[in-house]
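Report on the following structure.
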Amino acid sequence: MEIVTQDKTETKPPQTSHKKFLILQSILRILCFASTLIAIWVMATSKQTKVIYGFAITAKYSYSSALKYFIVAKAIASVLSVVSLVIVLLSITHPEKYFVLFLMDFISTLLTATGFTAASTIGFLGMNGDDHIGWMPICNHFDVFCKRSQNSVIFSGLATILFLILTVWSKRI
Numbered sequence: 001m002e003i004v005t006q007d008k009t010e011t012k013p014p015q016t017s018h019k020k021f022l023i024l025q026s027i028l029r030i031l032c033f034a035s036t037l038i039a040i041w042v043m044a045t046s047k048q049t050k051v052i053y054g055f056a057i058t059a060k061y062s063y064s065s066a067l068k069y070f071i072v073a074k075a076i077a078s079v080l081s082v083v084s085l086v087i088v089l090l091s092i093t094h095p096e097k098y099f100v101l102f103l104m105d106f107i108s109t110l111l112t113a114t115g116f117t118a119a120s121t122i123g124f125l126g127m128n129g130d131d132h133i134g135w136m137p138i139c140n141h142f143d144v145f146c147k148r149s150q151n152s153v154i155f156s157g158l159a160t161i162l163f164l165i166l167t168v169w170s171k172r173i
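Position one of the sequence shown corresponds to residue 1 (the UniProt record's numbering), numbered consecutively onward.
Right, here's the structure in full:
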């Protein structure tokens, strides 16, 4: 008869996996911050004035409540990404902090997604107009404004995807 004994020593994950986790989390959070900041800057500086039928008409983000929301939502998500980066760097070994990270990432995902949607809707209206309510497209007149706004929305979409990845990752930890 053979007696089998099991060694009940706990094995800790290798230090390299912890370092990889820390590095990847930090990189993603820095990319989130950068993409939201770029989206804010490009949208906030998009302004164009044209003379149409003898009238000087200006297009800028502050004329649309949806684009104002876009800026505010991105600003909040940007701040949350910096705060979460600090939490990751200072207290990554404390599992109770993971739920806080999940909440921050989830809120940032929601904010970036809704801001992205709001700006995309206004962009669609700017490009195509809406015949049912009599809105004419403006992008054929304000091409610089529309192109900058479009670039801002692209960075916003990138931020939304990155925050979604962080949210799923934070939940799985």
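Using N, Cα and C, we set each Cβ at its ideal position, and we do this for glycine too.
| Query | Result |
| --- | --- |
| Short Cβ contact (7 Å threshold) for PHE33 with SER78 | yes |
| Nearest candidate by alpha-carbon position, reference PHE155, set ALA56, GLY126, GLY134 and VAL42 | VAL42 |
| Buried or exposed by the 16-neighbour rule on C-beta atoms within 10 Å, applied to MET136 | exposed |
| Euclidean distance between Cα positions of LEU28 and LEU162 | 7 Å |
| Own chain residues within Cβ distance below 8 Å of GLN150, not counting five before or after | GLY123 |
| Closest by C-alpha distance to THR160, when choosing among ILE107, SER170 and LEU125 | ILE107 |
| TYR63 versus THR49, ILE76 and PHE55, residue with shortest Cα-Cα distance | THR49 |
| Within the segment 55-117, ranges of the alpha helix (DSSP H) (whole runs, at least 4 residues) | 65-91 |
| Reference LEU67, options ILE165, HIS132, THR112 and LYS171, closest by Cα | THR112 |
| Among LYS74, LEU80 and LEU85, nearest to LEU24 - alpha-carbon criterion | LEU85 |
| Three-state secondary structure assigned by DSSP to ILE165 | helix |
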